[in-house]
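In the order they appear, the protein sequences are chains E and R. Note that the numbering used here has the first sequence beginning at 203, numbered continuously upward. Note that the numbering used here has the second sequence beginning at 203, numbered continuously upward. In this text, a Cβ means the ideal position worked out from N, Cα and C, and glycines have one as well. Keep in mind it's a predicted model, so treat the numbers as computed, not measured. Since the structure comes first, as structure tokens, the remarks are kept for the end.
Protein chains: 2
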Amino acid sequence: MTDIIFPRLALIGIGLIGASIALASRKAGTVGSIAISTRSPATLKRAEELGLGDAYFADPAEAVRDADCVIVCVPVGACGAVAEAIGPHLKPGCVVSDVGSVKAAVVRAMAPHLPAHVNFVPGHPIAGTEHSGPDAGFAELYQNRWCVLTPAPGVDPAAVDRLARLWRAMGANVEMMSAEHHDLVLAITSHLPHLIAYNIVGTASDLESGIRSEVLKFSASGFRDFTRIAASDPTMWRDIFLANKEAVLEMLGRFNEDLSTLTRAIRNGDGDTLFDLFTRTRAIRRSIVAIGQDTAEPDFGRRDHGRS
Amino acid sequence: MTDIIFPRLALIGIGLIGASIALASRKAGTVGSIAISTRSPATLKRAEELGLGDAYFADPAEAVRDADCVIVCVPVGACGAVAEAIGPHLKPGCVVSDVGSVKAAVVRAMAPHLPAHVNFVPGHPIAGTEHSGPDAGFAELYQNRWCVLTPAPGVDPAAVDRLARLWRAMGANVEMMSAEHHDLVLAITSHLPHLIAYNIVGTASDLESGIRSEVLKFSASGFRDFTRIAASDPTMWRDIFLANKEAVLEMLGRFNEDLSTLTRAIRNGDGDTLFDLFTRTRAIRRSIVAIGQDTAEPDFGRRDHGRS
Ligand SMILES: NC(=O)c1ccc[n+]([C@@H]2O[C@H](COP(=O)([O-])OP(=O)(O)OC[C@H]3O[C@@H](n4cnc5c(N)ncnc54)[C@H](OP(=O)(O)O)[C@@H]3O)[C@@H](O)[C@H]2O)c1
Ligand SMILES: NC(=O)c1ccc[n+]([C@@H]2O[C@H](COP(=O)([O-])OP(=O)(O)OC[C@H]3O[C@@H](n4cnc5c(N)ncnc54)[C@H](OP(=O)(O)O)[C@@H]3O)[C@@H](O)[C@H]2O)c1
């Protein structure tokens, strides 16, 4: 039996991430009641139909009024406005968090609107799918995934610990780091890969129509993995690139330098340079499999006809 | 019951692709006997242990002597030398094919060594995993995947048809096109995605060690898909980039132009340009799902804890 960690949880924003928190924390028995608020009447109604919470509010200020914990689950670019709307209504001791994929910019946007009597513990669960909205949520999303918390140095350790326990009870492994460090690591592990995937799928979509249809047909040869990544939510990703601009541009600069070297090797027929890089990257894959972030099972592309 | 299409099949090279042909055509009952030859004694011994063929030869010339069909399953850069070795020993009417991921360069390398009395029908099964060697082979690899054949205009249609039937009996969907068109389509659907994946994994592996270990840890956020692609066989891919240089450089040029536009949009905080591209790429994904090249199932990253 897990004890109740927060008698009253409020979720502002109830898409994939918020809905999954509702389902997972309910399942874990770590919250007493869940109050939900979201921008549009349609999403709020859908959340109610799905039975994600105990009370539903059009106005976020009402949803947070008695909350012991508030988690803001909206796109990064909307976090500041939400903080402004709820700030004056937060009760003393409340733990305020978010789930944004960028941290420093979110802290800059939210912190000025939060009263001194709350504990602000920004967070980012590193888990997701390419689907959005409350229907996409499911209780197992955070199982065995990382959740990074980036509390500022002065924050009450007891508040950080309570939020960490909430995430652990949802199955996540909690990691602490500074907001700036988080943003640099995610720029290379997540933001740059998404940018590259968006870019190559864009390049393909601009091809002459004769080739274009065959690009779809023969997508299984590598391209398809990129299209999955490039199907991620446009609003969320626009906000991420705008909010983590410096770190993304820094990593993009390194990527471009490396790509120039590789291009030169192809143009000059320099097989050794290609072979050396391709051998080095294989080792990275082995490390990832070794630390359990993926399996060594071959990927046949589609699930429907693998060896079983 | 399928009839025997080729009484004697010879496979030169018996890695992932060759071994899967052996297993699949045996299972389909379309070949009488299978002769196998490969460069190294160790691989030949392993093929024999796995029972992939009926006869095993160190010398490819001996393996092809009575063959009705010979499929060369070695890296693209080695196809010319294999053709030179087997050319004088091929029997009249023999169907000679290959499985190379690049077609025009392979045709240029092999054709001069093949006698006029054989039928040369180059091929490329668009199926694979990131694993290599005879142990990686399995009979279902070609199920529901494309196999592209690129016969020159003058080749005997009956020979093309026999080879097409062999592939269809292995579960593949056969498509005909010119070698040059194949190379352009594959440059964007396969070669460029691999190059980009190799490059970004290389960039990450050059990071300062403090960030590097976290790149592995948080790889599930997008990077991991790239490492799987970048774990593909270094020899095979070196050969592909050298052999399909022009088409790859052409696609790389377009990719770079698009990336400059995207970089500028990030630098200028131009959210509309980002949003528009990200919306356009989502539509491409939907087309791929619609034509059955992938499922709409969310990808949780790891197979071990998805909803089932
Ligand atoms: N998806 C992932 O893979 C993933 C992973 C980790 C973290 N995150 C982070 O989680 C957050 C939410 O992502 P999600 O995938 O749950 O998104 P989602 O499914 O699209 O849901 C977004 C939620 O935010 C609300 N919202 C959107 N724009 C808003 C605005 N301008 N003002 C106020 N509310 C707004 C939506 O409200 P209405 O529907 O009522 O309009 C909805 O409730 C983002 O910050 C993202 O960076 C996402
Ligand atoms: N893997 C894929 O995803 C994929 C997909 C479609 C097409 N293809 C094409 O299929 C072909 C083989 O790929 P694979 O994945 O089967 O490779 P693999 O598993 O590495 O097997 C390669 C085979 O070629 C032999 N070989 C390697 N270098 C050689 C050389 N210099 N001279 C003569 N023989 C040599 C190897 O012999 P030893 O082991 O005896 O040295 C082995 O029998 C390549 O042309 C590739 O472009 C691959």
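Starting from the beta carbon of residue i, find every residue of chain E whose beta carbon is closer than 7 Å, and list them in chain order.
| i | result |
| --- | --- |
| Ser-423/R | Ile-328, Leu-388, Thr-391 and Ser-392 |
| Glu-416/R | Val-387 |
| Arg-347/R | Ala-422 |
| Asp-460/R | Asn-401, Gly-404 and Thr-405 |
| Arg-426/R | Ile-490, Gln-495 and Asp-496 |
Can you list the residues of chain R that residue i reaches, using a CB-CB cut of under 8 Å?
| i | result |
| --- | --- |
| Ala-406/E | Ile-390, Thr-391 and Ile-486 |
| Thr-429/E | Thr-483, Ile-486, Arg-487, Ile-490 and Asp-496 |
Should residue i be listed as close to ligand 1, given that the test is whether its C-beta is under 8 Å from any heavy atom?
| i | result |
| --- | --- |
| Gly-234/E | no |
| Arg-484/R | no |
| His-326/E | yes |
| Met-438/E | yes |
| Pro-395/E | no |
| Gly-473/R | no |
| Ile-431/E | no |
| Ile-207/R | no |
| Thr-391/E | no |
| Ser-334/E | yes |
| Ser-303/E | yes |
| Asp-261/E | no |
| Asp-441/E | yes |
Using beta-carbon positions only, say whether residue i and residue j come within less than 9 Å of one another.
| i | j | result |
| --- | --- | --- |
| Gly-302/R | Leu-444/E | no |
| Ser-185/E | Phe-322/E | Residue coverage of chain E in this structure runs from 203 to 510, which leaves residue 185/E outside it and unanswerable. |
| Leu-246/R | Asp-337/R | no |
| Asp-460/R | Gly-279/R | no |
| Met-379/R | Val-362/R | no |
| Thr-483/R | Ala-432/E | yes |
| Gly-255/E | Ala-224/E | yes |
| Val-335/E | Ile-273/E | Note that residue 335/E is Gly in the sequence shown here, rather than Val. The answer is no: Cβ separation not under 9 Å. |
| His-315/R | Ala-285/R | yes |
| Gly-404/R | Leu-454/E | no |
Against residue i, what residues of chain R qualify as contacts under a CB-to-CB distance less than 7 Å, listed in chain order?
| i | result |
| --- | --- |
| Arg-241/E | Those do not exist, as Arg-241/E stays about 17 Å from chain R at its closest Cβ, beyond 7 Å. |
| Leu-454/E | Thr-465 |
| Pro-436/E | Phe-477, Phe-480, Thr-481 and Arg-484 |
| Ile-540/E | Outside the displayed span of chain E (203 to 510) sits residue 540/E, for which this structure offers no information. |
| Phe-457/E | Asn-401, Ile-402 and Thr-405 |
Starting from residue i, find everything on chain E with Cβ-Cβ shorter than 8 Å and list it in chain order.
| i | result |
| --- | --- |
| Ala-432/R | Phe-480, Thr-483, Arg-484, Ile-486 and Arg-487 |
| Lys-447/R | Ile-468, Arg-469 and Gly-471 |
| Val-450/R | Ile-468 |
| Leu-246/R | Going along chain E, no residue has its Cβ under 8 Å from Leu-246/R, so there is no contact; the nearest lies around 23 Å. |
| Leu-444/R | Ile-468, Gly-471, Gly-473 and Leu-476 |
| Leu-351/R | Per Cβ cutoff of 8 Å: no residues; Leu-351/R is ~14 Å from chain E at best. |
| Leu-316/R | What Leu-316/R touches in chain E: nothing, since even the nearest Cβ is about 25 Å away. |
Which residues in chain R sit within 9 Å of residue i, going by Cβ to Cβ distance?
| i | result |
| --- | --- |
| Leu-252/E | Simply none; closest approach about 15 Å. |
Compute every distance between the C-beta of residue i and the non-hydrogen atoms of ligand 2, then say whether any falls below 8 Å.
| i | result |
| --- | --- |
| Arg-414/R | no |
| Gly-330/R | yes |
| Cys-275/R | yes |
| Gly-220/R | yes |
| Ala-237/R | no |
| Arg-241/R | yes |
| Asp-300/R | yes |
| Gly-404/E | no |
| Thr-245/R | yes |
| Val-278/R | yes |
| said: Tell me which residues of the segment 277 to 310 of chain E have at least one Cβ-Cβ distance to chain R shorter than 7 Å, keeping chain order. | reply: Listed in chain order, the positions of the segment 277 to 310 of chain E with a beta carbon within less than 7 Å of a beta carbon of chain R would be empty, since no residue qualifies.
| query | Going along the chain, which residues of the segment 356 to 390 of chain E sit with their C-beta nearer than 7 Å to a C-beta in chain R? | reply | Residues of the segment 356 to 390 of chain E with a C-beta atom less than 7 Å from some C-beta of chain R are Leu-386, Val-387, Leu-388 and Ile-390, listed in chain order.
| Residues in the segment 390 to 402 of chain E having any Cβ partner in chain R nearer than 7 Å | Taking a C-beta cut-off of 7 Å against chain R, the contacting residues of the segment 390 to 402 of chain E are Ile-390, Thr-391, Ser-392, Leu-394, Pro-395, His-396, Leu-397, Ile-398, Tyr-400, Asn-401 and Ile-402, listed in chain order.
| request: Take every Cβ of the segment 293 to 311 of chain E, pair it with every Cβ of the segment 398 to 410 of chain R, and state whether three or more of those distances are shorter than 8 Å. | output: By the Cβ rule, the segment 293 to 311 of chain E does not count as touching the segment 398 to 410 of chain R, because fewer than three pairs are nearer than 8 Å.
| message | Check whether the segment 445 to 454 of chain E and the segment 374 to 389 of chain E are in contact - that is, three or more C-beta pairs closer than 8 Å. | response | yes
| If you pair each beta-carbon of the segment 422 to 437 of chain E with each one of the segment 482 to 496 of chain R, do three or more pairs fall below 8 Å? | yes
| field | the segment 225 to 242 of chain E contacting the segment 210 to 217 of chain E, beta-carbon criterion three pairs below 8 Å | value | Short answer: they touch.
| query | Any contact of the segment 372 to 380 of chain E with the segment 346 to 362 of chain E, i.e. 3+ C-beta pairs under 8 Å? | reply | yes
| said: Using a Cβ distance threshold of 8 Å, determine whether the segment 469 to 487 of chain E contacts the segment 407 to 414 of chain E, with at least three qualifying pairs required. | reply: no
| query | Between the segment 206 to 231 of chain R and chain E, which residues of the former have a C-beta closer than 8 Å to a C-beta of the latter? | reply | Those residues of the segment 206 to 231 of chain R that come within reach of chain E (Cβ to Cβ, closer than 8 Å) do not exist; the list is empty.
| request: Could you tell me whether the segment 293 to 300 of chain E touches the segment 350 to 370 of chain E, using the rule of 3 or more Cβ pairs below 8 Å? | output: yes
| said: Short of 7 Å Cβ to Cβ, which residues in the segment 264 to 278 of chain R face chain E? | reply: none
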